[in-house]
Structure formats: structure tokens, C-alpha cells
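The next block holds one structure in the form of C-alpha cells; read it before the comments.
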Amino acid sequence: MIKAVFFDIDGTLVSFKTHVVPQSTIHALDLLRKRGIKVFIATGRHLSSINNLGNLEFDGYVTLNGGYVLAGKNDVVYKHSIPDKDIESLVRYQEKEGSFPCAFVMENEIFMNYTDKAVKDVFRLLNFPSPPIRPVADVYGNTVYQLIAFFTAEQEKRIMSILSHCESTRWNPLFTDIVPAGSNKGIGIDKMLEHFRINLDECMAFGDGGNDIAMLKHAGMGVAMGNAAEDVMKSADYVTTSVDDNGIYNALKHFNII
Numbered sequence: 007m008i009k010a011v012f013f014d015i016d017g018t019l020v021s022f023k024t025h026v027v028p029q030s031t032i033h034a035l036d037l038l039r040k041r042g043i044k045v046f047i048a049t050g051r052h053l054s055s056i057n058n059l060g061n062l063e064f065d066g067y068v069t070l071n072g073g074y075v076l077a078g079k080n081d082v083v084y085k086h087s088i089p090d091k092d093i094e095s096l097v098r099y100q101e102k103e104g105s106f107p108c109a110f111v112m113e114n115e116i117f118m119n120y121t122d123k124a125v126k127d128v129f130r131l132l133n134f135p136s137p138p139i140r141p142v143a144d145v146y147g148n149t150v151y152q153l154i155a156f157f158t159a160e161q162e163k164r165i166m167s168i169l170s171h172c173e174s175t176r177w178n179p180l181f182t183d184i185v186p187a188g189s190n191k192g193i194g195i196d197k198m199l200e201h202f203r204i205n206l207d208e209c210m211a212f213g214d215g216g217n218d219i220a221m222l223k224h225a226g227m228g229v230a231m232g233n234a235a236e237d238v239m240k241s242a243d244y245v246t247t248s249v250d251d252n253g254i255y256n257a258l259k260h261f262n263i264i
């Protein structure tokens, strides 16, 4: 029996084409809540950057790819930050080896060192609020939970070699989410389920990107959207239709959950 369902946002709840949640998904979420099933967000976004869900209500938020988990919007259940030594290594790399656009995601704020065309294109695709621009050294003295780093897959191996306590969770060719090692949406789900005393086999998860793979493999039932990449589909227990073709509603009906 499913008691909790976790949803990625971009490309899962929200269409890349329309930037809104389809009406069929809104209806499905309403049916879940009426049945007493808890609904949660599982996203790479910071809570303050979730600007595309309208008035939809959720029981909790697994944010920053599992690194910051909240029951409701105010009760912090779990947080896992990037070690200061890795942040120091990144700043030295930016200053001496070569700079690249990078957003530093902290508990209550986000800032970037600079933007370029790739950043603007991605933020436009995601309808993502643009963070303020500040010098990279401003990060010193702050606790960082995630980096949104704009470098290519070809650059990734070299740059990640200096971030020895971090992992890259790329889901777009233009950028990657960098999280502390051992942090992913699957871990975030565990922390949320523990808080609400729900078993892992009683939860379902929906996703479409590379940063959803750990979650889809881990959840009791992992569902990939029809618009997901091939490796994401292979990691899921079931593949539904796309976000623009009622994918969430169709999967929940398929399993007789709504």
C-alpha cells in the first residue's frame, strides 16, 4: 500500500514546454491527498527557488538533491553540507586555473560569481530566478550545501578531482549539481520517511533526470517520465508517458493508487 509519493519538479511535475503543472497532475495530487497519501517534493532546487508550483501544497520538501530536507516548509529534518576544504579548493581553482559560472547554495541564500549565455539559457528553460552576483571569495565563512556549476562533461573530471568530498549529479549538458559525497534524493527520502514513520516499500517516486536515478532505484516503486533520458528509464520500475501527456496521472491510475 502506497502511503507517500515523491515528485521531482522540472520535467516531472512541471513541463519544460509550458513551465506549469499540467491540470491532470493537479487533479492527481488532489486525489492523492483525499486518499490520505502524503505528497512530497524531491528536487535539486533550493526551497526559495521553487517558483513554479503555484498554490499546490506538499507535506514536505527534499531539496538540494537530498542535502536539505524539510517537513512542511519550516521543520528541518536533515541537512548535509559540502566540507569547507572543498569550497576552499574550488575558490582557488576559480582564481588560479580558470573561472566558470557557479552558484553557491547556502541555507538561506544563493549567489553566483557571474553569468554567461549558458546560464541565461538554462535559467530561461527552467524559469529559474537569477541569483545575485557577488565575488567568489564571498563564500568564505558560509556553509554551502550545493553548487550549481556550469562546465561541460569534458571539463568535469578535472574539476571534480579537486572536490574530493563531493559528487556530480549532472542532468543537463550545460551544468551539474555538485553535492556532498553520499548525498542524493534517495537519502533525502529515507530521512523524510523516518520522520513520518513510513516504510520504504510504502513510497513511490517520479523523476526524469540523472539526479533522479538514485531516488528511482531506491524507492519502493520508481517511475520514470516518458520524457526521461534512457539511463533514467532503465533505473525505474515503470515508465509512464511524458509530463505533457498526463504521465503522473496515467501512472497513478495504472497502479490503482487514485
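Residue 178 in this note's numbering sits at position 172 of the sequence shown, with consecutive numbering throughout.
We put the CB at the ideal spot given by N, CA and C, even for glycine.
Handout entry: Of the listed residues Val125, His201, Leu62 and Trp177, nearest to Asp81 (C-alpha basis)
Key = His201
Practice task
Assess, as a yes-or-no matter, whether the region 227-245 is touched by the region 27-43 under the definition of 3 or more beta carbon pairs within less than 8 Å.
Solution key: no
Exercise for the section: Reducing DSSP to helix, strand and coil, say where Met7 ends up. Expected result: coil
Handout entry: Burial state of His191, where buried means 16 or more other Cβ atoms lie within 10 Å
Key = The displayed chain sequence assigns Lys, not His, to residue 191. Lys191 should be labelled buried.
Problem - Inter-stretch contact (C-beta, 8 Å, three-pair minimum) for the region 121-136 and the region 71-90 - result: no
Problem - Minimum C-alpha distance to Ile93 - residue among Met210, Tyr151, Ser248 and Thr175 - result: Tyr151
Exercise for the section: Ignore the nearest five residues each way along the sequence and tell me which others in His52's own chain have a CB closer than 7 Å to its CB. Expected result: Thr69, Leu70, Val111 and Ile116
Exercise for the section: Sort Leu62, Gly73, Asp36 and His33 by Cα distance to Thr49 and report the nearest one. Expected result: Gly73
Practice task
Check whether the Cβ atoms of Leu38 and Val11 sit closer than 8 Å, and answer yes or no.
Solution key: yes
Problem - Residue environment, Phe13, which counts as buried when at least 16 other CB atoms sit within 10 Å - result: buried
Exercise for the section: With DSSP as the reference, please indicate the residues paired to Arg176 in a beta bridge. Expected result: Thr182
Exercise for the section: Let me know if Thr24 comes out buried or exposed under the rule of 16 or more other beta-carbons within 10 Å of its beta-carbon. Expected result: exposed
Practice task
Please state whether DSSP places Gly188 in a helix, a strand or coil.
Solution key: coil
Practice task
Count the C-beta pairs between the region 170-189 and the region 202-222 that are closer than 8 Å, then say yes if the count reaches three, no if not.
Solution key: yes
Problem - Closest residue to Phe234 among Gly17, Glu103 and Asn205 (Cα-Cα distance) - result: Note that residue 234 is Ala in the sequence shown, not Phe. Considering only alpha carbons, the answer is Gly17.
Practice task
Find out if the Cβ-Cβ distance for the pair Glu208, Lys9 is shorter than 8 Å.
Solution key: yes
Practice task
Flag this pair as yes or no: are the beta carbons of Ile168 and Ser95 separated by less than 8 Å?
Solution key: yes
Practice task
Using beta-carbon positions only, say whether Thr182 and Glu162 come within less than 8 Å of one another.
Solution key: yes
Problem - Alpha-carbon to alpha-carbon, Ile15 and Asn133 - result: 12 Å
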